[in-house]
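Below is one structure, written out as structure tokens, with a few remarks after it.
4 protein chains.
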Amino acid sequence: MAKGSVLETVTAEEARRVIDAAAAKASEIGQPMDIAVVDAGGNLKAHLRMDGANIGSITIAINKAYTSIAFQSETGDLQEATRHDGPIFGLSDAHGGRLAVFPGGIPLVRDGSIMGAIGVSTGTIEQDQEVASAGAAAF
Amino acid sequence: MAKGSVLETVTAEEARRVIDAAAAKASEIGQPMDIAVVDAGGNLKAHLRMDGANIGSITIAINKAYTSIAFQSETGDLQEATRHDGPIFGLSDAHGGRLAVFPGGIPLVRDGSIMGAIGVSTGTIEQDQEVASAGAAAF
Amino acid sequence: MAKGSVLETVTAEEARRVIDAAAAKASEIGQPMDIAVVDAGGNLKAHLRMDGANIGSITIAINKAYTSIAFQSETGDLQEATRHDGPIFGLSDAHGGRLAVFPGGIPLVRDGSIMGAIGVSTGTIEQDQEVASAGAAAF
Amino acid sequence: MAKGSVLETVTAEEARRVIDAAAAKASEIGQPMDIAVVDAGGNLKAHLRMDGANIGSITIAINKAYTSIAFQSETGDLQEATRHDGPIFGLSDAHGGRLAVFPGGIPLVRDGSIMGAIGVSTGTIEQDQEVASAGAAAF
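Chains Z, W, X and Y supply the protein sequences, listed in that same order.
Under the numbering used here, the first residue of the first sequence is numbered 1, with each subsequent residue one higher.
Under the numbering used here, the first residue of the second sequence is numbered 1001, with each subsequent residue one higher.
Under the numbering used here, the first residue of the third sequence is numbered 2001, with each subsequent residue one higher.
Under the numbering used here, the first residue of the fourth sequence is numbered 3001, with each subsequent residue one higher.
Quick look at the structure:
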């Protein structure tokens, strides 16, 4: 039988540090957030729903992080191309309800490789992006 | 073993009262409706499909109520921001098919907390909203 | 428009304390774990996948916590009744793949009400249960 | 365009009467229940989660009612054949998590036709069956 353990990319300690930095920024701007970190495989590594954050944003935050891995980009970078008159309009429908194509998802990059991603949701897209950026900067 | 019972938010009696008030309004305007009430956790508490209401609206009514919990708002308040040129276009696709971003879902609020929500579907969005409002007013 | 915020049951601080206590026990016994905490409505509040824990156990841990809310019991208490010759054999199939009917999910109880639940997965069921118990004791 | 309205089988008034009779029996035996009624097409007509009933049993009750329509039988009649050594072992897995193969689902029959079904969940299977029977008797 093949022996081995799953390749770790973002560690639990790093995921916590990213979430804590994001939560600190969310507190600073007064907007509670759902914050998720996924690893290089797009699988959930850690999540925190701050008090007052949306229940509906649990999945949105996780899906923003997943989408950043899935398309190797910030989710905000998918926004124009997926609009009604864009070249890949319909993308958001095309993956079983797992994609988020608006700001708030940012890859966690090290040495040129995407090692994970953070997704943030509940605020405006500007707030989500700001908080996700603060998290990513702590990676 | 841990002993306890799940925290009740909307009671069965309250859910029935909300549905009955909504159904009375629906009858008054001559438009049969699917009517759902969920608790503070977004879980179904009661449902009624009036005679002549749409089968497809069973899920829409439940999802409108869920969406009101999920985003702490009326579903109608999500409509402009999720349109093709809106800042969160694509939101409705980003949560596994559970979100409804048009009128007919309204939170049930008590003492500043959202204790549940009503969702109404089958009519026009104006009718859905009117019937949901009548239900919410009876909470 | 109805104004209000979703009722909090388990706070973010409590969820973190529960996860940290569970993770400490997991480290003590040398078995990395997926650990999830959900609120009284069964919605995810916080999650941590320790380094070395299973990717497949992300969902199992979340579903164990959900199942504890869903049936107001430890998941291990469902095990005998759902076995092949049990009275509710088939329960685990009857809810769209969201139920876990083996040890590792424990309600978080306060003043007789289930305010949330912890779910733990990756180890043996004895380990999962031990780690979940350590988490629940910290609530 | 084809004109018409969906064929009504169980009316809203009948569904309410069935649920109320079931709820009265549930109260009598001191076991709160999730109670669902579906129409001849297996689509939800009405639901009530009594205070104290399980959140997890929302779906189980609905699926019991659906299963009774789906296989034109009481759900309890499917139990032996779907056990580990039965001829259709695996049935409960074979329909996307929508089937319940233990007691508590009973067809609502009129003039030899199945016009709908009731599904009851939260108690023991004996209790679920007793409460479902009381509901079906009121049809």
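Built from N, CA and C at the ideal position, the CB exists for glycine as well.
Exposed or buried, Arg49 of chain Z, counting other C-beta atoms within 10 Å across all chains shown (16 or more means buried)?
-> buried
So Pro2032 of chain X and Thr2122 of chain X are in contact, right, with Cβ under 8 Å, and what is the actual spacing, rounded?
-> 6 Å
Lys2064 of chain X: buried (16+ other C-beta within 10 angstroms of its C-beta) or exposed?
-> buried
Beta-carbon neighbours of Ala81 of chain Z, restricted to chain W and to distances below 7 Å | Within chain W, no residue comes near Ala81 of chain Z; the closest Cβ sits about 11 Å away, beyond 7 Å.
Leaving out five residues before and five after Glu3008 of chain Y in sequence, what residues of the same chain have Cβ atoms less than 8 Å from its Cβ?
-> Asp3039
How would you write the range of the beta strand (DSSP E) that Leu2036 of chain X sits in, first residue to last?
-> Going by the sequence as given, residue 2036 of chain X is Ala instead of Leu. Counting along the chain, the beta strand (DSSP E) containing Ala2036 of chain X begins and ends at 2034-2039.
So what does Ile3114 of chain Y bridge to, in DSSP terms?
-> Y:Val3109
Those runs of the alpha helix (DSSP H) which lie wholly inside the stretch 2046-2119 of chain X and span at least 4 residues | 2056-2070
Name the chain Z residues whose beta carbon is nearer than 8 Å to that of Thr2011 of chain X?
-> Asp51
Leu3048 of chain Y CB to nearest chain X CB: under 8 Å?
-> no
N- and C-terminal bounds of the alpha helix (DSSP H) containing Val1018 of chain W = 1012-1029
In the DSSP assignment, find the alpha helix (DSSP H) that holds Val3006 of chain Y and state where it starts and stops.
-> Where Val3006 of chain Y is concerned, there is no enclosing alpha helix (DSSP H), given that its DSSP letter is neither H nor E.
Taking Phe3139 of chain Y as the reference, which of Y:Ala3002, Y:Ile3058, Y:Asp3020 has the closest Cα?
-> Y:Asp3020
Can at least three beta-carbon pairs, one atom from the stretch 90-97 of chain Z and one from the stretch 14-28 of chain Z, be found at a separation below 8 Å?
-> no
Checking contacts by CB at 8 Å: is Asn3054 of chain Y closer than that to chain X?
-> yes
Quick one: any contact between the stretch 2100-2116 of chain X and the stretch 2056-2071 of chain X, if contact means 3 or more CB pairs under 8 Å?
-> yes
From Val2006 of chain X to Ile1069 of chain W, what does the alpha carbon distance come to, in whole angstroms?
-> 7 Å
Residue from Y:Ile3035, Y:Gly3076, Y:Ser3073 whose Cα sits closest to the Cα of Gly3056 of chain Y | Y:Ile3035
Starting from the beta carbon of Leu2044 of chain X, find every residue of chain Z whose beta carbon is closer than 7 Å, and list them in chain order.
-> His47, Arg49, Ile58
Integer-rounded CB distance, given that Ala46 of chain Z should sit under 8 Å from His2047 of chain X | 6 Å
Can you have a look at Gln72 of chain Z and say buried or exposed, based on whether 16 or more other CB atoms are within 10 angstroms of its CB?
-> exposed
Cβ pair Asp3051 of chain Y, Ala1117 of chain W closer than 8 Å | no
Which residues share a DSSP beta bridge with Ser121 of chain Z?
-> Z:Asp34
What residues from chain Y crowd round Ser1005 of chain W, counting only those whose CB sits closer than 7 Å?
-> Gly3052
Just the C-alpha distance for Ser3027 of chain Y and Gly3104 of chain Y, rounded to the nearest angstrom, thanks.
-> 16 Å
6 Å CB neighbourhood of Pro1956 of chain X in its chain, flanking five on each side removed | Examination of residue 1956 of chain X is not possible in this model, given that chain X is present from 2001 through 2139 alone.
Give me the Cα-Cα distance between Gln3079 of chain Y and Ala3094 of chain Y, rounded to the nearest whole angstrom.
-> 15 Å
How would you list, in chain order, the residues of chain X whose beta-carbon sits under 7 Å from the beta-carbon of Val1037 of chain W?
-> Neighbours of Val1037 of chain W on chain X: none; closest Cβ ~14 Å, over 7 Å.
Other residues of its chain near Lys3025 of chain Y: CB distance less than 7 Å, five sequence neighbours each side excluded | Glu3130, Val3131, Ala3134
Looking only at its own chain, which residues have a Cβ that is under 6 Å from the Cβ of Gly1042 of chain W, when we skip the five neighbours before and after it?
-> Tyr1066, Ile1069
CA nearest to the CA of Ala53 of chain Z, picked from X:Ala2081, X:Val2120, X:Val2010, X:Arg2110 | X:Val2010
Whose C-beta lies closer than 6 Å to the C-beta of Ala15 of chain Z among residues of the same chain, with five residues either side of it excluded?
-> Val37, Lys45, Ala46
Cβ-based contacts, 8 Å cut-off: residues of the stretch 89-119 of chain Z near chain X | none
So, is the C-beta of Glu1008 of chain W closer than 8 Å to a C-beta in chain Y?
-> yes
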